[in-house]
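J.: Residues 282 to 633 in the numbering used here are what the sequence shown lists, from first letter to last.
Ideal placement from N, C-alpha and C gives every residue a C-beta, glycine not left out.
These figures come from a predicted structure and were not determined experimentally.
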Amino acid sequence: MLTLGIETSCDETSAAVVEDGTRVRSNVVSSQVALHAPFGGVVPELAARSHVERLPLVMDEALRVAEVGLEDIDLVAVTRGPGLVGALLVGVGFARALAWQRGLPIVGVSHLDGHMHSAFLQSPGIALPLLVLAVSGGHTELVLLGRDGRYTLLGRTLDDAAGEAFDKVARLLGLPYPGGPEIERCAARYGASSPLADFNLPPIRVSGLDFSFSGIKTAVRYRLERTMGVAQGSGLDPRASATLPPSLVLAAAAAFQRRAVEHLVDRLSLAAVQVAPASIAIVGGVAMNGALARAARDELAASGSAVPLVIPGAGLCTDNAGMIAAAGHALYRRGSGASLEVDPSLRWEAAS
Ligand code: KG4
Ligand code: ZN
């Protein structure tokens, strides 16, 4: 069974062809990063307009790479939320028209279910119950996927998402958008073994399995303001960020990444002890972070855990339509996914 996936929830226009829910035949992503970079973040109107222009071309390319025609497609799966309303409407409108024209079944998918399913594309035989740490620009959640296919939400961010915090701290440091990869590069240049004494940040403390990133982001800002002689809380304008000494930028990036990673891994390992999953996955754009992957593997090994950890490869972590096709295929087989209503604040589709 061939599923055509369509993803337009934020700033990536993507289409994919996935066979039987697990074999990626094509996964084409057209990134709008360059379009939004001058603005330091995603501009919703520009994103929607760009999806309109790019989606037909991206779909043609996905079909070409998969060496199939529209007549070979059996199912259409499209992201209906969460995301930017205008951007979502473009994808859903396009998918609906296509499905209607070709007489194909169509399912509406939660983008979060999509991220979760990237773990199944990476490791089709992954055992349930699966503990998932979903970390991206819009969400930071710990979820358990049970053997019955239902989700239990174990923890979530109380303020900023992890990727959002990386992006905001990068902006404070005068680094380009998206900030996550930039922070990782700076932290690596600073050096893993450096003592960080020159930019010490307090550990993040939140009870239970929830997350918080706004305090650490503010701590970085106050620290930079102090160093630059700007009054606390007055903000650091982009000109001031551009004049930060390079060594300070590297130290700040390394200190922030260390605390953010420590916080994510601490919650993940606590949850692993509490729910004793059969496998663990880290998904979403922030899962691209090598320091996070290393720390998670080290922590699990140190605790004597033999539970397999799955971190999808590069093209499956950040937003892509392959994961939407995989999630859509699973929903269709369960007889759900009927709603095509665009919902910018949609959560996990089958959370219990
Ligand atoms: O999953 P994704 O592509 O889109 C959303 O659904 O939000 O995630 C994008 C986020 C951005 O905030 C980006 O800065 C972050 O993932 N990201 C990273 C890295 N690569 C991407 N964060 C930390 N380290 C990275 N290497
Ligand atoms: Zn995403």
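1. Return the CA-CA distance between Ser-225 and Gly-384, expressed in angstroms with no decimal places.
2. Quick one: Cα of Ala-297 to Cα of Phe-537, how far?
3. Taking the beta carbon of Pro-558 as the centre, do at least 16 other beta carbons fall within 10 Å, making it buried, or is it exposed?
4. Using 8 Å as the threshold, is the C-beta distance between Ala-400 and Val-564 below it?
5. CA-CA distance, Ala-553 and Asp-292?
6. Exposed or buried, Glu-463, counting other C-beta atoms within 10 Å across all chains shown (16 or more means buried)?
7. Looking only at its chain, what residues have a beta carbon closer than 6 Å to the beta carbon of Ala-576, apart from the 5 residues adjacent to it on each side?
8. Could you tell me which residues DSSP pairs with Ile-387 in its beta bridges?
9. Using the Cβ count rule (16 or more neighbours within 10 Å means buried), how would you classify Gln-403?
10. Note down the Cα distance separating Ala-602 from Leu-581, rounded to an integer number of angstroms.
11. Among the residues of its own chain, which have a CB less than 7 Å from the CB of Ala-465, if the five just before and after it don't count?
12. Quick one, are the C-beta atoms of Val-450 and Gly-460 less than 8 Å apart?
13. Any residues whose CB sits closer than 5 Å to a heavy atom of the ligand ZN? List them in chain order?
14. So, are the CB atoms of Val-359 and Ile-605 less than 8 Å apart?
15. Looking at Met-569 and the ligand KG4, is the gap between the Cβ and the nearest heavy atom below 7 Å?
16. With the cut-off set at 8 Å, would you say Ala-329 and Val-371 are in Cβ contact?
17. Leaving out the 5 sequence neighbours to the left and right, which residues in its chain are closer than 6 Å to Pro-325 when beta-carbon positions are compared?
18. Which of the three DSSP states is assigned to Ser-290 in this structure?
19. Between which two residues does the beta strand (DSSP E) holding Leu-316 run?
20. Report, in whole angstroms, the separation of the C-beta atoms of Ile-387 and Ala-376, which I expect to be a contact under 8 Å.
21. In its own chain, which residues sit with a C-beta less than 6 Å from the C-beta of Ala-343, not counting the 5 before and 5 after it?
22. How far does the beta strand (DSSP E) with Val-530 in it reach, from first residue to last?
23. In chain order, what residues of the same chain have a beta carbon less than 6 Å from the beta carbon of Ala-415, not counting five sequence neighbours either side?
24. Count the CB pairs spanning the region 442 to 456 and the region 521 to 533 that are closer than 8 Å, and state whether there are at least three.
25. With a threshold of 16 other CB atoms inside 10 Å of the CB of Glu-445, please say whether the residue is buried or exposed.
26. Going by Cα to Cα distance, which pick from Val-591, Met-282, Arg-431 is closest to Trp-629?
27. According to the Cβ coordinates, are Ala-534 and Val-390 closer than 8 Å?
28. Beta carbon of Glu-465: closer than 7 Å to some heavy atom of the ligand KG4?
29. Could you give the C-beta distance for Ser-626 and Gly-362, rounded to a whole number, given that I count them as a contact under 8 Å?
30. Just mark Asp-441 as buried or exposed, buried being the case when its beta carbon has 16 or more other beta carbons within 10 Å.
31. Which term fits Phe-447, buried or exposed, when burial requires 16 or more other beta carbons within 10 angstroms of its beta carbon?
32. Beta carbon of Ser-311, beta carbon of Thr-284: below 8 Å?
33. Beta carbon of Gly-565: closer than 7 Å to some heavy atom of the ligand KG4?
34. At the level of alpha carbons, what is the spacing between Val-556 and Leu-409?
T.: Based on what the coordinates show:
1. Since the displayed the chain opens at 282 and closes at 633, residue 225 lies outside it and no answer follows.
2. 35 Å
3. buried
4. yes
5. 33 Å
6. buried
7. Val-542, Val-546
8. Val-357
9. buried
10. 30 Å
11. Note that residue 465 is Glu in the sequence shown here, rather than Ala. Taken in chain order, the residues that qualify are Gln-538, Asn-570, Gly-571, Ala-572.
12. yes
13. Ser-417, Asp-600
14. yes
15. yes
16. yes
17. Leu-365, Gly-367
18. coil
19. Element bounds for Leu-316: not the beta strand (DSSP E) but the alpha helix (DSSP H), 314 to 317.
20. 6 Å
21. Ala-296, Ala-297, Val-298, Ser-307, Val-309
22. No beta strand (DSSP E) holds Val-530; the alpha helix (DSSP H) holding it covers 527 to 556.
23. His-396, Glu-422, Val-564, Gly-565
24. yes
25. buried
26. Arg-431
27. no
28. yes
29. 7 Å
30. buried
31. buried
32. no
33. yes
34. 12 Å
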